[in-house]
Amino acid sequence: MALGKILRRGFLVGSAAIAGGVAFGTYRYVQPFDNPLKPGPGEVTLNPYVLIRTDGISIVTPRAEMGQGIHTTLAAMVAEELDVAWDQITAIHGPTAEAYLNAPVMALGLPYREYEQSRMRQMGVGAVRVAQKLALGIQLTGGSTSTIDGYEKMRRAGAAARLALIEAAGERWDLPPVSLNTEDGKVIDADGRSLTYQELAEDAALVPPAVDPPLREPAKWRYLGTPMPRLDMEPKITGQAEYATDVKAPEMLFASVMTTPFLGGTMLGLDASDANDVPGVVKTVGLGNGVAVVADTTWTAMRALEKLQVTWSAAPYAADTEAQFAEINRALEETSGTVMRDDGLADVVIRAAKTDRLSLLRARYSVPFLAHACMEPMTATALYQNDRLTIWCGTQVPTFARDKAAAHVGLDPSQVDIVTTFMGGGFGRRTETDFTTQAAQIARSCPDRPVRMTWTREHDMSRDFYRPAAMARLSGAIGAGRPEAIDMRIAAPSVFADQSERALGFAPPVADKLLVEGAFDQPYNLPNFRVIGHQADLRVPVGSWRSVGHSHNSFFLECFLDELADAAGLDPVEMRLKMLDGEHMPSARTVETVAAMANWGGEVAEGTGRGISFCHCFGSSVAQVVQVSDAGGRIAIDHIWCAVDVGLALDPRIVTAQVQSGVIYGLSAALFGEITFADGRVQQSNFHDYPALRIDECPPITVRLLQ
Amino acid sequence: MTKFSVNDVEYEVDVDPQTPLLWVLRDRLQLTGTKYGCGAGLCGACTVHIDGEAHRSCQYPVGDLDGAAIKTIEGLGDADGLSILQQEWVTGQVAQCGYCQSGQLMQATALLAENPQPTDEDIDAAMSGNICRCGTYPRLRAAIHAAAQRMAG
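Taken in order, these protein sequences are the chains called X and V.
Quick note on this note's numbering: the first sequence kicks off at 2 and runs consecutively.
Quick note on this note's numbering: the second sequence kicks off at 17 and runs consecutively.
Written as structure tokens, this is what we have:
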């Protein structure tokens, strides 16, 4: 509970009064927002990213570490400028505060093609203004924005802290700061005298931070651009890393929950007497849409859940998968939809295809609902004491989690502390606040006793906010050498509308970019290209699932391009290169590179096939070649080659690990993933009927990063 | 009352003998390095050693473990620090979210104890019960090979 200690002892102050440490930061980046820090008399507040403690230096990395390695990369940004040795630093999540909002994430919902750089920049500025206006200070980890968001402000926080330390040393020695230098956590003078950052911290906290501190030339970087040892590696391989239910405290109770299997419904009646009779059960707690059992062990709680007699209201959606797809199809065929890209005259060219001697092709695709199936099911630990609530949780949205929990237990958000722990996978699932609110409700009914809440795997699988099932209908006309027209319609339940409704209570009436991303925004130079998104109002809860809309739209569009290439007898690599060339060269290079890596066009064995796919998403271009073979009627994945351009790879090893991770998560979905409904209930429950790729099924994955 | 040792420390616990070892470790003994993933022996996140063999602690009622010697991730390193396998995990920077890693390490340790020079097929056979949703498999495989090589001297 190191963070709890820091919070209590004055993490938020930063003056000589602190026993535990001194916090630094730059002020500039928080000016638009209220300063979250509450100084007492004689205290100094700064925007804290750097905490110098007697026993080392903690860097506040206010983004959720769910495996993607963000703590290490954000800490490297600060450490690079602060000039500290790598083994002197630790990374901590930090408290919940609007100052830690994520600016670029606000731009994600806006309906522009991100690869068009100039528009992106305007949009970023605009998005921050919108955020201020709506007071939507989202402290969110998601949308592949953490590195982009941190790149300037984390480095400047480190640089400003270093300048303050130098100035403090200058005063101590009566030397001009320009004559001083730093090295591995010490300020040194020309004679070789040195003072540690610890020795200088209290004085330095009184120095007004530089508003615009200069940054190191990239050529002089020692950490950035280099594979750094992950700061979370040793705790994670020794069992010491603290996840949300690893919190240790005396008088601990244990809970598990059962909410309605008819997602979005409520509880109509409850008989908990059999559950309450299970030895070890302390109490049952009504949650509105379900029940929690609190007991002496997690196992007792989970077992007692099975004895609850509950009557539920009916599901608000069509009861089975077939009926749900019929509704998505109805949206596709019968609603007008929103035109999100309309270059040229796609429908006219397609109608005239035959007379113009173009090959005409039509295709329909559909993909199922998918669960996140994080390795760690939803969990949280909470303590309600003296009108204060503390929730230890793995959350991608600490400010939302705080506000929702506060509202449910009748507290002001200022009375709620969120302690963000490590998380056993996120993939977008932990952008939801259902589980953190439940922990708050349970703790409220067990005052003064900390409660660890753990969902069963079965509950996690069947109470998710799913990757939407989606359908697409495409028509295309292809001439000699390249496609002339593509007309694409996509229909799915809207993640944007569903999440907005949960977060804000309403769905803003704007075009849904997430529904069509990965299709309308691809950097393909197609003379006639129309993409229309159709929202299917299904009422099955949907949410962010790794890459969100790209996960289905890239599949739809890339499959169709392959079918077009096949119809016209074109090489799918050559065809894509023609479409990318001139439109977005970094993207073209990924296709070219991956083709070379895989020796595309070379001989392959009988019964073996290869395919290429490309996607531009979140500012990165990715191209992959997959080689598969027939293993006695089963598809065997033999090898995957992947070329990625992320711009500047600040930690090439972590980026590579993330790319492999995305490939493996995608393979699990493509080969096995399918959530289905019957009688209003999700039919999958655990890893036997919702399998994940295992090591024996994992092909070699060769990754090359282009910069 | 059930008596057993965990990481060479003797314990006597007074719980329902049907309680799976996993929850005794986590909720009673505060050994939270062992993780709950599925409760059904499908994912391997809760793997520990019972009398030297890798087992799923979610499937073992504690009442059946009287006199057993149990080892968990907390006891995997030796007195000097990390085991060779753990060191190779660091060198190869294997872990991502880390949640499955205790189980992966316990399973891989048991594999190397039984088969000091495993082939890729041996690794597939021994490790395919341990799911990793982040996809650390390529580095995990390399780390097992590297540890085997070092142990062979």
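Even glycine gets a Cβ: it sits at the ideal position worked out from N, Cα and C.
Please read these numbers as outputs of a predicted model, since none were measured by experiment.
- Straight-line measurement puts the Cα of Y385(X) at about 52 Å from the Cα of Q165(V).
- Contact between L83(X) and G159(X) holds: CB atoms are separated by about 4 Å, below the 8 Å threshold.
- Sequence-distant Cβ neighbours of V40(V) in its own chain, meaning closer than 7 Å and more than five residues away, are V29, V31 and V78.
- Sixteen is the threshold: when 16 or more other Cβ atoms of the shown chains lie within 10 Å of the Cβ of N290(X), as they do, the residue is buried.
- CA-to-CA, the gap between D652(X) and R695(X) works out to about 27 Å.
- Among the residues facing chain V, I392(X) is not included, as its CB has no counterpart in that chain under 7 Å away.
- With respect to chain V, the C-beta atom of W300(X) has a partner C-beta closer than 7 Å.
- Taking the beta carbon of D404(X) as reference, no residue of chain V falls within 9 Å; the closest one sits roughly 26 Å away.
- Judged by DSSP in its simplified three-state form, A256(X) adopts strand.
- Within the same chain, Cβ atoms closer than 6 Å to the Cβ of K405(X) are found at T434 and T438, the five residues on either side in sequence being excluded.
- Contact annotation: R156(X) and L216(X) have beta-carbon atoms nearer than 7 Å.
- Beta-bridge pairing by DSSP links S73(V) to no other residue.
- For a Cβ distance threshold of 9 Å, residue set C113, G114 and Y115 of chain V lies close to F423(X), ordered along the chain.
- DSSP, reduced to helix, strand and coil, places Q628(X) within a strand of the structure shown.
- H689(X) counts as exposed, since fewer than 16 other C-beta atoms from the protein chains shown sit within 10 angstroms of its C-beta.
- Per the DSSP secondary-structure output, H640(X) pairs in a beta bridge with Q628(X).
- Proximity of the region 626-645 of chain X to the region 592-605 of chain X meets the contact definition, three or more beta-carbon pairs being nearer than 8 Å.
- When Cβ-Cβ separations below 7 Å define contact, G289(X) makes no contact with chain V.
- Sixteen is the threshold: since fewer than 16 other Cβ atoms of the shown chains lie within 10 Å of the Cβ of G603(X), the residue is exposed.
- The closest CA to that of P509(X), considering only D499(X), V517(X) and E518(X), is found on D499(X).
- Between the region 473-482 of chain X and the region 400-419 of chain X there are fewer than three inter-stretch CB-CB distances shorter than 8 Å, so the stretches are not counted as touching.
- Nearest neighbour of C113(V) by Cα position, chosen from T125(V), Y153(V) and R72(V), turns out to be Y153(V).
- For D94(V), there are no neighbours in chain X by C-beta distance under 8 Å, as the nearest C-beta there is about 12 Å away.
- The beta carbon of I676(X) sits no closer than 7 Å to any beta carbon of chain V.
- Listed along chain V is no residue with a C-beta nearer than 7 Å to that of Q397(X); the closest approach is about 13 Å.
- Taking a cut-off of 8 Å for Cβ pairs, the region 543-558 of chain X and the region 466-476 of chain X touch, as three or more such pairs fall below it.
- Per DSSP, the beta-bridge partners of G291(X) are T260(X).
- Here DSSP, grouped into helix, strand and coil, assigns N277(X) to helix.
- With its beta carbon less than 7 Å from one in chain V, S662(X) belongs to the interface.
- Inter-residue distance for A191(X) and L166(X) is about 16 Å (C-alpha atoms, whole angstroms).
- Contact check between the region 140-157 of chain V and the region 85-96 of chain V: fewer than three CB pairs, one atom from each, fall below 8 Å, which does not count as touching.
- Contact between the region 581-593 of chain X and the region 557-569 of chain X is not established, with fewer than three Cβ pairs separated by less than 8 Å.
- Neighbours of F255(X) in chain V, taken as residues whose beta carbon is under 7 Å from its own, are D43 in chain order.
- Segment contact: the region 414-423 of chain X against the region 258-269 of chain X, fewer than three CB-CB distances shorter than 8 Å; contact not assigned.
- Rounded to whole angstroms, S99(V) and L254(X) show a C-alpha spacing of 34 Å.
- Within chain X, the residues K237, I238, T239 and G240 have their CB atoms less than 9 Å from the CB of S118(V), given in chain order.
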